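In our numbering, the protein residues as written are 240 to 796. Even for Gly, the Cβ is constructed at its ideal location relative to N, Cα and C. Because the structure is a prediction, the values reported are computed rather than measured. Report on the following structure.
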């Protein structure tokens with residue numbers, strides 16, 4: 240297997256709006272990130288993926304970009320961004336930019352021109368269609384609810400927006416659009432960025448017939464078969480690689496919801512000529528038979544299904560493509576609330592267990608801000624506390640249509656809303672959690688009194704220091720990065736265990752995902768190993784052992 244710096248890295252995702260506010264306006268900013276670079280260096284991460292910081296009306300918190308070459312004014316200036324790059328690089332930390340090129344903001348100059356007339360030079364930068372029988376061109380629904388088409392009175396046509404109506408989709412069939420994107424990417428690479436996380440990059444190619452989609456639940460048809468992994472997506476990414484990516488030593492990760500093993504190998508195969516790795520979401524997408532409305536359910540995840548999916552991606556990409564390892568991000572609930580147990584009795588041990596399970600696998604691990612502290616869901620119980628466009632629009636759509644009772648939908652939001660991950664970073668136990676001196680843009684989780692960075696930095700047994708040890712182990716031992724993966728206890732209802740092998744070395748990881756004790760037989764080939772890390776005070780690591788609730792350990796030989 241080829242060795243690469245991005246395989247050996249540990250990535251930390253920053254959601255800039257909620258990370259650290261340096262000027263008291265209640266919104267995180269670039270200078271706030273610079274202030275915390277020493278904290279990140281102490282943690283041990285060596286790559287930062289920062290969610291979009293470019294000019295935007297903030298309809299979808301920056302994923303609606305109105306100028307690809309300007310920094311969003313509330314985050315700072317280009318000079319601030321250049322200072323961030325310099326200061327991060329001084330500390331041995333690389334910086335990934337969030338590349339959002341499936342769509343722009345409807346306030347982008349290209350779209351403002353495109354709307355003016357049917358013969359405007361920018362008209363074909365976006366996807367415009369005539370009405371069909373006086374209605375939308377097809378029945379597709381948008382990711383955030385409602386139709387995926389918006390009518391424009393000026394030219395009496397519809398434009399496509401797979402997300403918000405303020406996020407019109409770019410027309411990648413137009414070569415001029417592609418060249419604009421590649422020129423913009425070169426602009427940032429020449430600034431010194433170290434790579435791109437590519438937002439919904441699997442959606443850039445659409446079936447040009449634009450057929451109706453199947454209506455599975457809710458009110459609209461599914462655009463997935465016609466807009467995800469579309470007919471020319473690999474052609475476009477190979478062109479991007481030739482034009483831009485291959486000319487720089489950078490890291491690339493594509494967000495590819497719904498990706499299969501076979502597609503992942505096309506996107507990120509060792510020899511594919513496209514990307515370094517992809518985010519697949521199979522392990523965080525519920526397969527509950529009761530989840531009639533996708534993510535909007537109160538059902539708890541199915542551990543055995545989760546384990547089966549994690550093992551599948553480890554086994555089937557092995558030697559063929561590279562995994563991205565994550566349990567949480569800005570679009571997911573907090574991982575300890577979802578896959579662990581955020582009850583105070585188990586929060587710390589389950590947060591450490593989840594980190595152990597993830598970081599010892601093959602792939603590049605991602606730490607979402609606050610995950611290293613065991614930050615939990617906010618569980619907002621009032622609709623007015625939510626800021627997320629997806630949460631608000633689905634609440635309105637599903638309750639107005641009588642498909643879901645308001646009380647039940649609120650419970651779904653408390654468990655599944657993206658805002659759970661977007662509450663401000665908890666730096667200390669003060670009223671504003673050390674995030675801001677002003678009024679925060681979104682409510683702070685009141686448990687900042689108990690869960691915060693200041694208290695954990697002082698506590699050598701904290702979740703922060705546990706993450707620090709895991710990250711240090713990964714840098715120290717090649718087997719954690721490059722060792723073969725071999726699952727154990729596939730059918731066990733509580734235990735997730737696997738072996739890593741590299742030449743004569745062996746690494747055994749064992750995790751109890753339940754709040755009951757569980758039995759595990761240590762394989763003979765691991766007897767005599769030394770324990771590298773454990774989240775409980777365990778002394779015996781041989782023969783048949785009983786793991787306490789959420790216990791995890793790693794043995795090395």
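The stretch 276–338 contains, as complete alpha helix (DSSP H) runs of 4+ residues, the segments 276–282, 317–329 (chain order).
By the criterion of a C-beta distance shorter than 7 Å, residue 765 is surrounded in its chain by 745, 747, 794, 796, once the five residues flanking it on both sides are discounted. Here residue 776 is exposed. Its C-beta has fewer than 16 other C-beta atoms within 10 Å.
Secondary structure note for residue 548: its alpha helix (DSSP H) is the uninterrupted segment 542–556.
Counting along the chain, residue 603 sits inside the beta strand (DSSP E) bounded by residues 603–607. Here residue 591 is buried, its C-beta having at least 16 other C-beta atoms within 10 Å.
Comparing C-alpha distances from residue 500 to each of 523, 557, 630 shows the shortest one belongs to 557. For residue 618 against residue 648, the beta-carbon gap comes to about 14 Å, at or over 8 Å, which does not count as contact.
Per DSSP, residue 245 lies in no beta strand (DSSP E) segment and is marked neither H nor E. Annotation: the continuous alpha helix (DSSP H) that includes residue 427 extends over 414–430. Taking 3 residues as the minimum length, the beta strand (DSSP E) runs contained wholly in the stretch 450–518 are 490–494, 516–518, in order along the chain. For residue 714, the enclosing alpha helix (DSSP H) stretches over residues 702–715.
Taking residue 659 as reference, the option from 605, 259, 568, 598 with the minimal CA-CA separation is 568. Spanning the alpha carbons of residue 323 and residue 588 requires a straight line of approximately 34 Å. In this structure residue 292 does not touch residue 283 by the C-beta definition: roughly 24 Å separates them, more than the 8 Å allowed.
Annotation: residue 464 to residue 566 spans about 26 Å, alpha carbon to alpha carbon. In the three-state DSSP reduction, residue 661 falls in the coil class, being neither helix nor strand. If you ignore the 5 residues before and after residue 314, its C-beta comes within less than 7 Å of the C-beta of 255, 268, 269, 292, all in its own chain and listed in chain order. Across the structure, residue 751 and residue 769 are spaced so that their CA atoms are roughly 19 Å apart.
The Cβ-Cβ distance between residue 384 and residue 636 falls below 9 Å. In the DSSP assignment, residue 636 falls within the unbroken alpha helix (DSSP H) covering 628–639. In this structure, the alpha-carbon of residue 601 lies about 14 Å from that of residue 736. One thing to note: residue 655 has its Cβ within 9 Å of the Cβ of residue 572. By the criterion of a C-beta distance shorter than 8 Å, residue 253 is surrounded in its chain by 272, 287, 288, 289, 290, 608, once the five residues flanking it on both sides are discounted. DSSP places residue 272 in the uninterrupted alpha helix (DSSP H) bounded by 269–274.
Collapsing the DSSP output to three states places residue 591 in a helix. Straight across, the Cα-Cα distance linking residue 461 with residue 451 is about 8 Å.
Contact check for residue 631 against residue 622 passes: the beta carbons are separated by less than 9 Å. Fewer than three pairs of CB atoms, one per stretch, sit closer than 8 Å, so the stretch 532–541 makes no contact with the stretch 472–489.
When Cβ pairs closer than 8 Å are counted between the two stretches, the stretch 688–702 is seen not to touch the stretch 714–722, the count staying below three.
Three or more Cβ pairs closer than 8 Å define a contact, and the stretch 303–320 falls short of that threshold against the stretch 359–373.
The DSSP-derived three-state label of residue 734 is strand. For residue 679, no beta strand (DSSP E) segment is defined, and its DSSP state is neither H nor E. Shown here, residue 690 sits in coil according to DSSP, grouped into three states, outside any helix or strand. Across the set 562, 580, 425, the C-alpha of 562 shows the shortest separation from the C-alpha of residue 605.
Annotation for residue 537: 647, 650, 651, 654 place their beta carbon closer than 8 Å to its own, counting only its chain and skipping 5 residues before and after.
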